[in-house]
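In my numbering, the protein residues as written are -14 to 233.
For glycine and all other residues, C-beta sits at the position ideal for the given N, C-alpha and C.
Since the structure is predicted, the reported quantities are computational estimates derived from the model, not experimental observations.
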């Protein structure tokens, strides 16, 4: 098992890609700490993941909650081998009608939250460990209505390169996974009417070279690869899991 004996932190780990990745990590031998914000999902994740998971309520956009998270990680495990900084939200809208509050909310969670997750994890992260961020295919194609969320993900892509350089002396690898259109709960949380979401989904499907959406399990396997020693000579990259959408 490629993650045997390792301890991993997964933020945004109670649903979608995060939960699937937690399940994959456990199958590969890891113990995981997963975070989320919704009580029902926290309870469901604890039940699904079982004894090899610790489920912690934490909002990554709040510094005090991050501090408490890492205090719990230190007390229970003493160290980390892998950090999957995956917490994120998505809200769509044209530039002309996007409010300051929406931009702040997106950056506070998607960029600032993940930035400080990585920063605060470093004292616990073992040398030769791994950090993986979640970016997005939005960064590559310029889709109308995604300006704010795309900007947050572009910032994470830049951070991936910079942090990878800074952590070379510790042999900590830093990479990103860039999901395409994935069948996950986030797709239905875009702040849009259901009929609009359905129309967007139909339009996007027609643009997919493989003529299907991806699954959270497919993304999870990519994250597990980047987190494992199988990717020991890979750092600073963004691995697209998008069915060829940004390449073909």
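Item	Value
For the candidate residues 140, 127, 157 and 30, whose alpha-carbon lies nearest to that of residue 109?	157
Start and end of the alpha helix (DSSP H) containing residue 135?	132 to 151
Quick one: give me the first and last residue of the alpha helix (DSSP H) that residue 48 is part of.	48 to 61
For residue 188, which residues in the same chain have their Cβ closer than 7 Å to its Cβ, ignoring the five residues on either side in sequence?	none
Taking Cβ to Cβ, would you say residue -5 is nearer than 8 Å to residue 95?	no
Can you tell me where the beta strand (DSSP E) with residue -5 in it begins and where it stops?	-8 to -5
Report all residues from its chain with a CB closer than 6 Å to the CB of residue 210; omit the five preceding and five following residues, and keep chain order.	216
If you compare alpha carbons, which of 0, 50 and 46 is closest to residue 29?	0
Can you list, in chain order, the residues of its chain whose CB lies under 7 Å from that of residue 145, leaving out five sequence neighbours each side?	118, 159, 160, 161, 221 and 223
Apart from the five residues on each side of it in sequence, which residues of its chain come closer than 7 Å, Cβ to Cβ, to residue 213?	-13 and -12
Output yes or no for whether 8 Å exceeds the beta carbon distance between residue 113 and residue 138.	no
Just to confirm the assignment, what range does the beta strand (DSSP E) spanning residue 160 have?	158 to 164
In terms of residues, what are the limits of the beta strand (DSSP E) holding residue 2?	No beta strand (DSSP E) holds residue 2; the alpha helix (DSSP H) holding it covers 1 to 12.
Mapping DSSP to helix, strand and coil, what is residue 222?	coil
So that I know if they touch, is there some Cβ in chain D lying closer than 8 Å to that of residue 19?	In the structure shown, chain D does not exist; there is a single protein chain.
Here's the rule: buried if 16 or more other CB atoms are within 10 angstroms of the residue's CB, otherwise exposed. What is residue 4?	buried
Starting from residue 20 and walking both ways along the beta strand (DSSP E), at which residues does that stretch end?	16 to 21
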